[in-house]
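Residue numbers (our numbering): 3 to 440. Glycine included, every Cβ here is placed at the ideal spot set by N, Cα and C. Below you'll find the structure, written out as structure tokens, and then a few comments.
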Ligand code: ADP
Ligand code: ASP
Ligand code: MG
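Below, the structure written as structure tokens:
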């Protein structure tokens, strides 16, 4: 059985956790192990980027001192003196790269190079430890095979060819970085925050893996967001579509793009807990559990709603096409949509081109914008023929003002837009009413 295992920041966040990870990698006979940077690293590197853009050199040194301490402790606890010296030299080299990029800061290029150093350093330390334990291991440089096109999409054909060749030796275990890639200009880049899950899925699909395992700090996908809600519980079995929906609508445990490459190839995705490897976790596959109307809830913040009022819509056709074309031109995906005879409401999670979009929408009607919203999405098996399901969800949220509702596009989800300050109460209330009684 060919397995690709991915471990997140907490899983590789200390020497003792790295030892656990090495055990799991051995137990599972992982072919490729994909790693994030040690926990807190990417956040620190993002802070460094911000400071570099402002020319705040002294504060950059403070951040680097903290990172040096974190990595030196890990290296000292994990590696033999000879290996530790090698890893320390690599760490100093990486941090000098960061200093160099910060001193001659180029907005996009330096940012991406600085942020990549976390995964590069963490994976090198871990690979050295694996070799120290006697494993036959090889460290692969992910940007040499994760290559993106002009739209920022990984070239999966090239990935298949390159990774297939690189990992041809069946007796070797491979360790590589999640998250990082090469962009269409040949520079080091990344797949966006939390993107290591997606890296693992793409690599799994590329080598025809049987299973992609995402190891993190919780026992699988819970029925609600445990950061905001009390009394959540793990879901043991879930379909690709449900998992994709939950990840897309904010279940942080999984990067939203992770499911598609695995679904396309029928590769099962397992969500497992590094801190409790015996716990069953969640298995995501083609099989569907249709026994419950409500399976889980997720929430996605940072949503902007755009309302278009126009009497030109009345009894007309072609109006929505004009609206959609504007979003398409500005490469801005629409999340939710509701319509009435004289108005359309749309939501987007990326307002980078909002001004340009609104300028064009103004030609079509009166426009209203509201920011700071959250989409709350209930996922389950809500058959169109069944009565009372919508009523149960809305009854649970009677204390929350609801701005938009999307129901019936598929039997799988019911999504609602609320103002973000109501998120916690809405999630808890849904948990108390829809799940505790199940
Ligand atoms: P990693 O660093 O391993 O990638 P993440 O922090 O990205 O880990 O994802 C794991 C976290 O996702 C959990 O600690 C949990 O707080 C959060 N989370 C949000 N929603 C869910 C959910 N529905 N089920 C499980 N975890 C969730
Ligand atoms: N280290 C990156 C981040 O923190 C990628 C990842 O963890 O998936 O976003
Ligand atoms: Mg993550």
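Measure the beta-carbon distance from residue i to residue j and round it to whole angstroms, keeping in mind my assumption that it falls under 8 angstroms.
i, j, result
"residue 147", "residue 165", "5 angstroms"
"residue 221", "residue 281", "4 angstroms"
"residue 299", "residue 226", "5 angstroms"
"residue 453", "residue 402", "Residue 453 lies beyond the residue range present for the chain, which begins at 3 and ends at 440; the question has no answer from this structure."
"residue 154", "residue 43", "That belief does not hold up - the Cβ atoms of residue 154 and residue 43 are roughly 23 angstroms apart, past 8 angstroms."
"residue 276", "residue 204", "Contact doesn't hold; Cβ gap of about 21 angstroms is too wide."
"residue 46", "residue 65", "5 angstroms"
"residue 201", "residue 241", "Their Cβ separation, rounded to whole angstroms, is 23 angstroms, which puts residue 201 and residue 241 out of contact at 8 angstroms."
"residue 48", "residue 128", "About 22 angstroms; that fails the 8 angstroms criterion."
"residue 338", "residue 408", "5 angstroms"
"residue 254", "residue 291", "About 22 angstroms; that fails the 8 angstroms criterion."
Can you tell which of the options has its C-alpha closest to the C-alpha of residue i?
i, options, result
"residue 435", "212, 231, 349 and 360", "231"
"residue 135", "27, 111, 351 and 68", "27"
"residue 152", "363, 237, 425 and 333", "333"
"residue 301", "170, 380 and 144", "380"
"residue 192", "116, 108 and 364", "116"
"residue 99", "71, 176 and 50", "50"
"residue 223", "217, 237 and 130", "237"
"residue 349", "361, 367 and 329", "329"
"residue 183", "198, 149 and 160", "149"
"residue 279", "16, 209, 21 and 4", "21"
"residue 252", "34, 378, 408 and 416", "378"
"residue 243", "169, 160 and 414", "414"
"residue 362", "324, 395 and 373", "324"
"residue 23", "216, 432, 245 and 331", "216"
"residue 313", "286, 284, 291 and 368", "368"
"residue 285", "294, 92 and 274", "274"
"residue 58", "163, 409, 91 and 105", "105"
"residue 410", "399, 398, 391 and 404", "391"
"residue 416", "383, 400 and 437", "383"
"residue 270", "86, 295, 239 and 287", "287"
"residue 161", "176, 175 and 144", "144"
"residue 310", "107, 340, 291 and 194", "340"
Which term fits residue i, buried or exposed, when burial requires 16 or more other beta carbons within 10 angstroms of its beta carbon?
i, result
"residue 173", "exposed"
"residue 19", "buried"
"residue 8", "buried"
"residue 213", "buried"
"residue 440", "With a pLDDT of only 44 at residue 440, under 50, the local geometry of the prediction cannot be trusted, and the value read off the model is given with reservation. Residue 440 comes out exposed."
"residue 247", "buried"
"residue 352", "exposed"
"residue 260", "buried"
"residue 326", "exposed"
"residue 196", "buried"
"residue 406", "buried"
"residue 425", "buried"
"residue 110", "exposed"
"residue 371", "exposed"
"residue 335", "exposed"
"residue 32", "buried"
"residue 178", "buried"
"residue 412", "exposed"
"residue 319", "exposed"
"residue 114", "buried"
"residue 317", "exposed"
"residue 83", "exposed"
"residue 171", "exposed"
"residue 3", "exposed"
"residue 10", "buried"
"residue 293", "exposed"
"residue 138", "exposed"
"residue 364", "exposed"
"residue 6", "buried"
"residue 373", "exposed"
"residue 169", "buried"
Using a Cβ-Cβ distance under 7 angstroms, would residue i count as near chain C?
i, result
"residue 424", "Among the chains of the structure shown, chain C does not appear; only one protein chain is present."
In chain order, each alpha helix (DSSP H) run of at least 4 residues that lies wholly inside the region 304-349: 321-331
Entirely within the region 22-66 and at least 4 residues each: give me those alpha helix (DSSP H) ranges in chain order. If only uninterrupted alpha helix (DSSP H) runs of at least 4 residues are considered, those enclosed by the region 22-66 are 43-56.
Which runs of the alpha helix (DSSP H) at least 4 residues long sit entirely within the region 86-136? Give them in chain order. 109-134
Would you call the region 350-365 in contact with the region 303-311, where contact means no fewer than 3 C-beta pairs closer than 8 angstroms? yes
Check whether the region 232-244 touches the region 184-194, taking contact to mean three or more Cβ pairs, one atom from each stretch, closer than 8 angstroms. no
Count Cβ pairs between the region 107-124 and the region 27-40 that sit closer than 8 angstroms; are there 3 or more? yes
Check whether the region 260-268 touches the region 341-352, counting contact only when three or more Cβ pairs, one atom from each stretch, lie closer than 8 angstroms. no
Stretch pair the region 384-394 + the region 420-430: three plus CB contacts closer than 8 angstroms: The region 384-394 is not in contact with the region 420-430.
Every unbroken beta strand (DSSP E) inside the region 231-282 [3 residues or more]: 239-241 and 270-275
Looking at C-beta atoms only, is the number of pairs between the region 50-64 and the region 98-114 that lie closer than 8 angstroms three or more? yes
Write down every uninterrupted run of the beta strand (DSSP E) in the region 196-224 whose length is 3 residues or greater and which is fully enclosed by it, in chain order. 213-218
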